[in-house]
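Novice: Mind having a look at this structure? Questions to follow.
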Amino acid sequence: MQEVATRSGAAAAPDAAPDAALDAAAEAAPVLLVAGLTVSVRTEAGLKPLVENLSFTLRRGETLAIAGESGSGKSMTSLAIMGLLPPPAVRVTAGSIRLGQTDLTAAPEAQMRHVRGDRIAMIFQEPMTSLNPVLTIGTQLAEAIRAHEPLPRAEARRRALAALTAVRLSQPERRMHQYPHELSGGMRQRVMIAMALALRPEVLIADEPTTALDVTVQREVLDLLRDLQRDLGTAIILITHDMGVVAEMADRVIVMKSGRMVEQAPVRQLFHAPTEPYTRDLLAAVPRMGARAAAAAPAPLPAAEPVARLSDVVVRFPVRGGLLGRTTLNVHAVEHVSFDIARGETFALVGESGCGKSTIARAIVGLVPHQGQITVGDHVLSAHGRDAPKALRRKVQMVFQDPMAALDPRMRVGDLIAEPLLIHGIGTAADRRAEAADLLRRVGLSPDQIDRYPHEFSGGQRQRICIARALALKPDLIIADESVSALDVSVQARVLALLQELQQEMGVAYLFISHDMAVVDSISDRVAVMYLGQIVEMGSRAQVFGDPRHPYTQRLIEAVPVPDPAHQRRPSVRMTGDLPNPVHPVGSGPERVILRDVGAGHLVAI
Amino acid sequence: MMVYVLRRLIQSALILLGVSFITFVLLYVLPADPVRQIAGRAATAETVENIRQQLGLDQPLLVQYGRYLAALAQGDLGRSYLQKTEVTELILSRLPATLQLMAAGIVAELILGLSMGIAAALMRGRLGDQLLMMASFVTVSAPQFVVSLLLLYVFAVKLGWFPIGGYGTAAHLVLPAITLGILGSGWYSRMMRSSMTEVLRADYIRTARAKGLSRARVVFGHALPNAILPVIAMIGIDIGIFMGGIVVVESVFGWPGIGQLAWQAIQRVDIPIIMGVTLVSALAIVIGNLLADLVAPLIDPRIRLR
Amino acid sequence: MVDLPAPAASTPKSTLRRLGERKLAMFGFAMILIVVGAAACAPLIAPYAPEEQLFDGLTLEGAPLPPDARFIMGTDLLGRDLFSRMLYGAQTSLIVGVVANGLALFIGTLVGLTAGFFRGWIGATLMRFTDLMMAFPALLLAICLAAIFKPSLWIVALVIALVNWVQTARVIYTETTSLAARDFIAAERTLGASTGRILFRHILPHLVPTLIVWGTLGISTTVLLEATLSFLGVGVQPPTPSWGNIIFENQTYFQAAPWLVFIPGAAIILLALAFNLVGDALRDVLDPTQRGRD
Amino acid sequence: QDYTPDPNAKAGGTITVTYKDDVATLDPAIGYDWQNWSMIKSLFDGLMDYVPGTTTLRPGLAESYEISEDGLTYTFKLRAGVKFNNGREMTAEDVKYSLDRVTNPETQSPGAGFFGSIAGFENAGAGGLSGVEVVDPLTVKITLSRPDATFLHVMALNFASVVPKEAVDAAAGDFGKQPVGTGAFKLAEWTLGQRLVFEKNADYWREGVPYLDGVVFEVGQEPVVALLRLQNGEVDVPGDGIPPAKFVEVMGDPAQAERVVVGGQLHTGYITLNVTTPPFDKVEVRKAVNMAINKERITQIINGRAVPATQPLPPSMPGYTGDYAGYAYDVEGAKALLAEAGLADGFETDLYVMNTDPNPRIAQAIQQDLAAIGITANIQSLAQANVIEAGGAGTAPMVWSGGMAWIADFPDPSNFYGPILGCAGAGEGGWNWSKFCDEALDAMAVQADSLSDPAQAEARLKMWSDVYMGVMEQAPWVPVFNEERYTMKSERMGGDDALYVDPVSIPVNYDYVFVK
Ligand SMILES: Nc1ncnc2c1ncn2[C@@H]1O[C@H](COP(=O)(O)OP(=O)(O)OP(=O)(O)O)[C@@H](O)[C@H]1O
Ligand SMILES: Nc1ncnc2c1ncn2[C@@H]1O[C@H](COP(=O)(O)OP(=O)(O)OP(=O)(O)O)[C@@H](O)[C@H]1O
Ligand SMILES: [Mg+2]
Ligand SMILES: [Mg+2]
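Residue numbers (our numbering), protein chains in the order written: chain P, 2 to 607; chain F, 1246 to 1551; chain Y, 434 to 727; chain U, 293 to 808.
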């Protein structure tokens, strides 16, 4: 089911406040006043400030964006406002946070409890883990309402349902009884917004509300936030590192770096005339769609022997059931996918979450069993996965989606990087250590960090460690699965540059997996767009981005936020339906799409 | 769900079969002759042989086991050698008492262990936490007999709050159940502390606090259901350990349960009773595990039964 | 060439040093040393032979003597010096608590690890076997095993290990299955790491905290299980003392002669606690992600 | 007649007795532990009986009896009008049925062997005993195959109790749970594992008894707890006695000590020395062991609850040799004897013992005594069944008998010989754990038991005394001590002290005690 509404349409929430009554005086009155805020952590070496001397005001109905690189203290600021700084090490050491007449830094816990949710609500960075997995959506919404208003349970649930309807979640009655794991990330984020909506707070803090989401879903969530603000006059603090989101949403922007405010300005001014060099760097690092379009000619299809060739690859995950544990259903993760990756090229896979991108990657390194044929170099992979020969392992390396999860937290990075050499019996211990140090230097890290542990690095640094590790064996193909998605723009730019540099130097080919269209646009030679396990469009970067033919490709490109506040977005179509489902009973499956060449190797599904 | 239970029951039956076989073999090679005990001190060699034949104990091991299984299939656990009574009757007459005590004991264990664990997690790193963890060690290391007798002495004899042992009313149940609870609480409190500590760091706890919920609601409504999962799996494991404690507690409190029956039977090599009790306790463990597995998805909807 | 810091070989020292900075851990370590020392030097320290029934160690009515200047821990029901028995008993209890418990931990880890990592039929078989063992009353198994072999300290230790591994196996199994599904294990696979390497270099270190919890709690339970077995006549035979069997021999006398029960009881608790303090500290020190936190 | 009832005795009241172990059975043909022994005595009667509190025989269900000249035929005249609990009158048929039943191998009676002197015992089975004849409804004639001086005692054993056939048949194998007898009490309630309630038999054929309205047996009670309950006034008699852990406390408190009745009992605790395995095949070694044991010290360890023993028979047993001093405690002498046997350096051996307190402690005392003369005895402290197995199989060089020790079935010297010292018990699996078998002594024992004429009683006892002296000469045992009975009772319990240490009814004679 799809419910369609235009962005400018009057689909107001049932509890909509009179937006017409917003008078200028009220708009000018600050609801939140932060002055000289300093948040410090107690360490062995004494107090260390995480946020220093931060001051800003927030007015009614205004959206204030806080941007800045990872670790610059954005989340700490918001947690300080909520009074939820992680005890006992981190606390507010100076400054004040005034909400109306109350100083939140001095308020006792009991009073804070009434402020939280009721007057200030927060949407957290991680939609996947921010809802309690063992309580139903309905319960979690209703209890939030009942915590601030003495309503009977049934009434609270009615209000919760209304809030779910207001965020345009499909089948809201059913959602009330569902658990978080039964909902997709985007749906969960809507639930979080519904919670804020139901509580009608004066201030809403949204900490990276869309980072983990697909572009299309991100679009939806941003629209919702805007509706909410318009209808209720809520003041929003929007924390993000995505300059595209900032440009679209914010009235004013604060740029932070290492706990300090670097620049504060209205959004247009910031984008057009940034005063600080740091801000300029930040803006320069933002990948822009089409920025490279003119620069590069359509890449000639390399005639060289491909490093990897997939023909008609199918991956299904059986779902077992019944008394004998027979397979009753299959998850059709990858369906009839064929493509080649040529030596030295960057081949990108794009598509929404769950469309099967990672599964393809895993099939190529032999982590999942597949049907069809995968050829790496001149070696055909055995269909049941796992026992690929060591020699093959040297040819293909993978950089996993989540760098923290992909590194054994109990090993030193030097050992981690040297491990592939050790496994393949290359060199002596000293050689390997020297090689590891060299690789660290190559990826832009200092060799004296060789004896540190993964958790002692930032996310971007960890991703570089993973890349160094993948490089150790000098493979022909590196699979980079969402390798830059979790990084902030500046780091992202650095990692992308590194990848390109290495490619030029070593002639390695990349299978680059991402849902971020702008990034893909800036790095790839060829692109394949996946939808529900199948490729729906494939061609050179210029073909796919310059002349998208498939409606799905068009929608993906359309949804990308443009980092320019002047940009006017066309009213887009809102989708609220369930995620398309790749699960089918045994024997049946999705309809197979057929690709047609529309010219110069540009394949499109019909 | 039904299919799952059915499959698990079939598995359980196989486990029970295995248990019965191992027990049978072990008892067979045990250096003690039950016939001697039956025949008495004045018996002649012929009498002994006669009795051996009557009981079928002269047959090869596998024949004996086959007979046992055949009878078992009809719900017949055989007759006690020394008491000359149906083992089924002996066990059934004592089972309710043991089940009662077990249920109450596990509840007491959970209440004590969980509250200690939660309290320790909330006070993590502080003195109270350390004292509670010390207490958990004391309960794990304390000799069961001494603890039972000490509690009986203080609360029944000296203070007169409870009857001095015996069975029947709820008042009789309190003290033995608390004793079992104290003895078993250490394991639970340690597990609860670590799982609670972990859960309290989770994002959704921060969300719950951000909603302005009360501390009690956050701890008991949000953290507890998540933290309790590993503990539930522990209950399944624990029932086996629990059986050991029950023997001692039953004997000190004069609780007419299976434990005492088993103890006597072991001392006297009354094989049919030992077999019967072993099977019943294995059944209890298997069912306990099954229940634990069935309860888990009720608490955590992400867990699917497979 | 870049200047490399000295290779990580210096880490054991720094591990020890970090351990040394923790007062509680040092306290626990000292206690363990004292117990080990007492056990090792028992013949030198003990004022009497452990089995010597002193003529004046009992009252005329045959009651044991409470602690005094001569018998600093009192005497037992046969007029033996409890202090001497505690010293010698430390030998037995250490062997049972450390060796038997360690062996149980080892078997449990091996089974749980193998079953959790190699799902398939190996895993299924091992886990069904574990289920079977779990359903089997442990005490009965211990009694039968010990009765079949001739009781001796090492047999008892072995029997305890054969009975006690089950719970560990279960817990380790669950953890291993979840670890095996983690990305960094998949990453190791793509590097071509051998199974042994994945198991021992990457999975095992993550099981250390669990092993420490079960290992330290296991100390008291195995020491007490040894006593139960002795009591049933299938354990260490009298007059060999162990802390557990001193308690069991005398437990009905806990009112008439409390020192006979509470002194060995306290010793067991302290031993377990000492190992736990060291274990906890070791876990924190070994876990790099815990560093700097508290 | 032979017992003067207590003039203060009052009828009425119910008492509570506790036991640790559950009662196994109340079938008189099967019950053979000291726990159900006295219960069965109160539920059933045999032809013969004992004067309460003594070891003197008196007629029971038999009004009178006659013994033929040759001592081979016993004719019992039954009392008229004795009724079973089920209301039916008891007849001579019931007597025959009961004896047939107990000797039938199908019954698996552990006491069948006692009836070995009745003619036709060897062929006993479904057909019954040929030696037992019903003369008329109130007369039974029993023919023996050999003279048996102990026969009247045998007829007083629980195994000889008279039971009604229809009740046994009706119970279909569960007679032990649904007993019907002619006794002073009948079973009113039995909740397995919890309690048994005996209720007064109002129709009891003995006038005036029992005094009590009922007896409640609570089972599953730890002795220490039972004593606490006694001190709290909830229990009248702790059936397992005063636990060792509480003994000093109780005896040290005059108020409690006053309620403890002390008496002898027909018990001997001994060490068996396996005469078939070296080095115990040498009599010097056995004597040396006898001399090495410090019996005084062992009695001290069990808080003086026994007297040192000199010979197999306990002092209160007829036939006890009063002027025999036994082997004196003499370490040097023992060493000398060992040296004489060529074992001056001692040797290593195993001492088996049952694992319940105080037996392992006693074994350790023995161990220390043996160590003093150079013998290293390794203790094997095992469950009862395992010790019995090792003793019977002859694999145990030494066994301490405590916990499984001989308490006489009836007060006659012969009862300490056959199964435990005679050749009959020396075979594989027999209870003669020292495997001692002396044909000459066996012959003498048979001869003594054939002196069934009451006139020859004196000569018979002398002969038994000689048998036991002969045994001591060869020293297959070390008699260590004779245990005393210490029965504790509540304040309200009345009746002669002797009833509380009744030699055949442990812990008390329920038929004659009363509530004050
Ligand atoms: N519990 C903590 N104890 C000590 N330091 C912490 C803690 N949590 C975060 N920090 C540190 O505080 C700093 C600011 O963190 P914060 O989470 O506010 O960053 P951020 O700007 O939100 O980054 P991101 O974009 O990655 O979310 C970081 O350097 C981080 O290492
Ligand atoms: N081991 C598995 N068992 C069952 N289903 C699986 C398994 N792994 C993946 N799937 C399913 O296969 C589908 C494709 O998953 P995949 O991880 O390849 O998606 P993706 O495109 O990488 O998504 P994302 O962008 O979120 O990483 C999803 O529906 C997923 O739920
Ligand atoms: Mg953040
Ligand atoms: Mg993926």
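Where a beta carbon is used, it is the ideal one built from N, C-alpha and C, also for glycine.
Going by alpha carbons, who is nearest to residue 535 of chain U out of U:597, U:508, U:477?
Specialist: U:597
Novice: In whole angstroms, what is the alpha-carbon distance linking residue 718 of chain Y and residue 120 of chain P?
Specialist: 43 Å
Novice: List the whole-angstrom C-beta distance separating residue 148 of chain P from residue 101 of chain P, where the pair is believed to meet the contact cut-off of C-beta under 8 Å.
Specialist: No, residue 148 of chain P and residue 101 of chain P are not in contact; Cβ-Cβ is about 20 Å, not under 8 Å.
Novice: Quick check on the DSSP output: the beta strand (DSSP E) that includes residue 812 of chain U runs from which residue to which?
Specialist: The first residue shown for chain U is 293 and the last is 808, placing residue 812 of chain U beyond what the model contains.
Novice: With a threshold of 7 Å between beta-carbons, can residue 83 of chain P be considered close to chain F, or not?
Specialist: yes
Novice: Three-state secondary structure (DSSP) at residue 597 of chain P?
Specialist: strand
Novice: Does the beta-carbon of residue 635 of chain Y have 16 or more other beta-carbons within 10 angstroms, so that it is buried, or is it exposed?
Specialist: Buried, because 16 or more other Cβ atoms sit within 10 Å of the Cβ of residue 635 of chain Y.
Novice: Smallest Cα separation from residue 738 of chain U: which of U:758, U:419, U:567?
Specialist: U:758
Novice: Is there at least one non-hydrogen atom of ligand 1 closer than 6 Å to the beta-carbon of residue 74 of chain P?
Specialist: For residue 74 of chain P, the Cβ falls inside the 6 Å cut-off from some heavy atom of ligand 1.
Novice: Look up residue 95 of chain P in the DSSP assignment and give the residues it is bridged to.
Specialist: P:39
Novice: Residues of chain F with CB under 8 Å from residue 132 of chain P, in chain order?
Specialist: 1449, 1452
Novice: Is residue 1545 of chain F close to chain P? Criterion is C-beta to C-beta, closer than 7 Å.
Specialist: yes
Novice: Tell me the start and end of each unbroken alpha helix (DSSP H) in the region 470-538 of chain Y that is at least 4 residues and wholly inside, in chain order.
Specialist: 475-478, 515-527
Novice: Would you identify the three-state DSSP class for residue 558 of chain P, choosing helix, strand or coil?
Specialist: helix
Novice: Whose CB is closer than 5 Å to a heavy atom of ligand 2? List the residues in chain order.
Specialist: P:318, P:332, P:334, P:354, P:355, P:356, P:357, P:358, P:359, P:360, P:583
Novice: Please report whether the beta-carbon of residue 368 of chain P lies at a distance below 7 Å from any beta-carbon of chain Y.
Specialist: yes
Novice: Look at residue 537 of chain P and residue 511 of chain P and say whether their C-beta atoms are less than 7 Å apart.
Specialist: no
Novice: Please confirm if the region 563-574 of chain Y is in contact with the region 1260-1267 of chain F, defined as three or more CB-CB distances below 8 Å between the two stretches.
Specialist: yes
Novice: Spell out a yes or no on whether the region 1436-1452 of chain F and the region 1392-1402 of chain F are touching, meaning 3 or more CB-CB pairs, one atom from each, closer than 8 Å.
Specialist: No: the two stretches stay apart, fewer than three of their Cβ pairs being nearer than 8 Å.
Novice: Chain Y partners of residue 541 of chain U, CB-CB under 7 Å?
Specialist: By Cβ distance, chain Y contributes 689.
Novice: Using only alpha-carbon positions, find the residue among Y:621, Y:588, Y:689, Y:687 that is nearest to residue 528 of chain Y.
Specialist: Y:588
Novice: So within the region 684-753 of chain U, which uninterrupted alpha helix (DSSP H) runs reach at least 4 residues, ignoring any that extend past its ends?
Specialist: 710-713, 731-742
Novice: Counting only Cβ pairs nearer than 9 Å, list the residues of chain Y close to residue 425 of chain P.
Specialist: Those within 9 Å of residue 425 of chain P in chain Y are 624, 625.
Novice: DSSP three-state call for residue 1299 of chain F: helix, strand or coil?
Specialist: Helix at residue 1299 of chain F.
Novice: Could you please give the first and the last residue of the uninterrupted alpha helix (DSSP H) stretch that includes residue 1417 of chain F?
Specialist: In the DSSP assignment, residue 1417 of chain F falls within the unbroken alpha helix (DSSP H) covering 1415-1445.
Novice: So, is the C-beta of residue 127 of chain P closer than 7 Å to a C-beta in chain F?
Specialist: Contact of residue 127 of chain P with chain F is assigned, a C-beta pair being separated by under 7 Å.
Novice: By the criterion of Cβ-Cβ separation under 9 Å, what are the contact partners of residue 661 of chain Y in chain U?
Specialist: Residues of chain U passing the Cβ test: none, with the nearest at roughly 11 Å.
Novice: Of the choices P:250, P:125, P:129, whose alpha-carbon is the least far from that of residue 221 of chain P?
Specialist: P:250
Novice: Can you grab the Cα-Cα spacing for the pair residue 577 of chain P / residue 641 of chain Y, in whole Å?
Specialist: Summary for residue 577 of chain P: the model assigns pLDDT 47, below 50, so the residue's position carries little reliability; its value from the coordinates is reported in the next sentence. Each residue's Cα considered, the two are about 47 Å apart.
Novice: Look at the alpha carbon of residue 429 of chain U and the alpha carbon of residue 457 of chain U, and state the distance between them as a whole number of angstroms.
Specialist: 15 Å
Novice: Classify residue 691 of chain U as buried or exposed, calling it buried when 16 or more other Cβ atoms lie within 10 Å of its own Cβ.
Specialist: buried
Novice: Could I get the ranges of all uninterrupted beta strand (DSSP E) runs contained in the region 425-503 of chain P, with 3 residues as the minimum, in chain order?
Specialist: 478-482
Novice: When we look at the beta-carbon of residue 813 of chain U and count the other beta-carbons within 10 Å, is it buried (16 or more) or exposed?
Specialist: Because chain U in this structure spans residues 293 to 808, residue 813 of chain U falls outside the shown range and cannot be described.
Novice: How would you list, in chain order, the residues of chain Y whose beta-carbon sits under 7 Å from the beta-carbon of residue 421 of chain P?
Specialist: 624
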